Amino acid sequence: MMGGEILCIGSVLWDVIGRSGAVMRLGSDVPGRITRLPGGVAMNVAMTLRRFGMRPLLLTAVGRDEAGDELVAAAERLGLVTDHLYRSEDLPTDIYMAVEGANGLIAAIADAHSLEAAGDKILRPLSDGRLGSAAEPYTGPVALDGNLTEALLAEIAESPLFARCDLRVAPASPGKAERLLPLLPVPAVTLYVNLEEAGLLCHRSFEDAPSAASGLLDRGAARALVTDGGRTAALATSDSVLTAEPPQVLVTRVTGAGDTFMAAHIAAEARGETGETALATALAAAAAHVAGDVAT
2 MMGGEILCIG SVLWDVIGRS GAVMRLGSDV PGRITRLPGG VAMNVAMTLR
52 RFGMRPLLLT AVGRDEAGDE LVAAAERLGL VTDHLYRSED LPTDIYMAVE
102 GANGLIAAIA DAHSLEAAGD KILRPLSDGR LGSAAEPYTG PVALDGNLTE
152 ALLAEIAESP LFARCDLRVA PASPGKAERL LPLLPVPAVT LYVNLEEAGL
202 LCHRSFEDAP SAASGLLDRG AARALVTDGG RTAALATSDS VLTAEPPQVL
252 VTRVTGAGDT FMAAHIAAEA RGETGETALA TALAAAAAHV AGDVAT
């Protein structure tokens, strides 16, 4: 896969994140900082890909409201292509809200109802000739997230519009991991999940990332990358299971770490890196993100 254009399909919204340096529990009321930044899995992946020199095109739903106009303007300032967005007149711009403490993510709510309601309207550029058609499908790399409905993901798994692309897929969260089940047996799919998500997809628990990656292949996946926080990560294909250790860093944020890992791995392979080298590059990028060494 060469560098350059890549489609990012899925959630593009506002992230509202409250962070505190205190250890938090249920009912905690502590001082901290609250930020609003462009977010969503597809957006986080696209922003990282852009930092690595690729040209991300966003396919998503954004409302024709003030929040949507601000989000599109922010995406364009970041160098992302917004020409193919579905802008809805009656659906509000989606939003994600999370609270993080010194002990990690405390709670989060993802309101991606507008993306779900828009359905296959976000894919029109792939069928109407702007980016491809059923007769001449898109042939480049595609990053897809699990914020789409299970029905639409199942449709994508069988759609001729995706028959010739290099499809990279990640769940939006553990709660949406099983939406990806229809994509597991698709030969061109590379799956990016954490240990918990791998267990949900395989309907069993795993002790570590290498066993989880192997388990996903047993479930039909062609290629799977599994991360496990600060522990060993793994990349499994039919030929081998490769592993790498993430750098040990002080964790200052967790939201977006998996998205950063996915994007960094895609970009590394676009540059020609392979195997353990690309895996290590992606882990280093994710570690820099959680350490707060990369601006968002």
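So for the sequence shown, our numbering puts the first residue at 2; every next one is plus one. Here a beta-carbon is modelled for each residue, glycine too, at the ideal position from N, C-alpha and C. Small disclaimer: the values here were computed from a predicted structure and weren't measured.
Check	Outcome
Backbone secondary structure at N45 - three-state DSSP	helix
Environment of R205 [buried if 16+ CB atoms lie within 10 Å]	exposed
Completely contained beta strand (DSSP E) runs for the region 29-79, where each covers 3 or more residues	34-40, 56-60 and 62-64
CA-to-CA distance, E277 to G221, given in whole angstroms	22 Å
Length of the line joining the Cα atoms of V255 and I123	28 Å
Cut-off 6 Å between Cβ atoms - residues of its own chain near D112, not counting five sequence neighbours on either side	D95 and I96
Range of the contiguous alpha helix (DSSP H) that encloses D219	A210 to D219
Neighbourhood of I157 by C-beta, 6 Å cutoff - its chain only, sequence neighbours within 5 removed	F163
Cβ-based burial, R78 [other Cβ within 10 Å; buried from 16]	exposed
Close Cβ partners of R20 (< 7 Å) along its chain, the five nearest in sequence each way excluded	G33, R34, E101 and R254
Beta-carbon proximity list for D84, same chain, < 8 Å, skipping 5 on both sides	L58
Helix, strand or coil at T233 according to DSSP, with G and I counted as helix	strand
Nearest-angstrom beta carbon gap, G147 and R125 [assumed within contact, 8 Å]	Rounded, the Cβ-Cβ distance is 20 Å, inconsistent with contact.
Beta strand (DSSP E) runs contained entirely in the region 156-198, provided each spans 3 or more residues	167-171 and 190-195
Supposed contact pair A225 and V382 - C-beta distance, whole angstroms, cut 8 Å	Outside the shown range of the chain, which is 2 to 297, sits residue 382, and nothing can be said about it.
Reference V190, options E159, A268, V242 and A118, closest by Cα	E159
Per DSSP, cross-strand counterpart(s) of E6	R56
Between the CA atoms of T261 and A283 - distance to the nearest angstrom	8 Å
Where M98 sits in the DSSP three-state scheme	strand
G19 (DSSP reduced to helix, strand or coil)	strand
Residues sharing a beta bridge with P142, DSSP	D167
Short Cβ contact (8 Å threshold) for A258 with V227	no
Simplified DSSP assignment, three categories, for L116	helix
Beta carbon of R56 nearer than 8 Å to that of V82	yes
Cβ neighbour criterion (16 or more within 10 Å) applied to A135	exposed
Under 8 Å between C-beta atoms of A298 and A144	Nothing about residue 298 can be read from this structure; the chain reaches only from 2 to 297.
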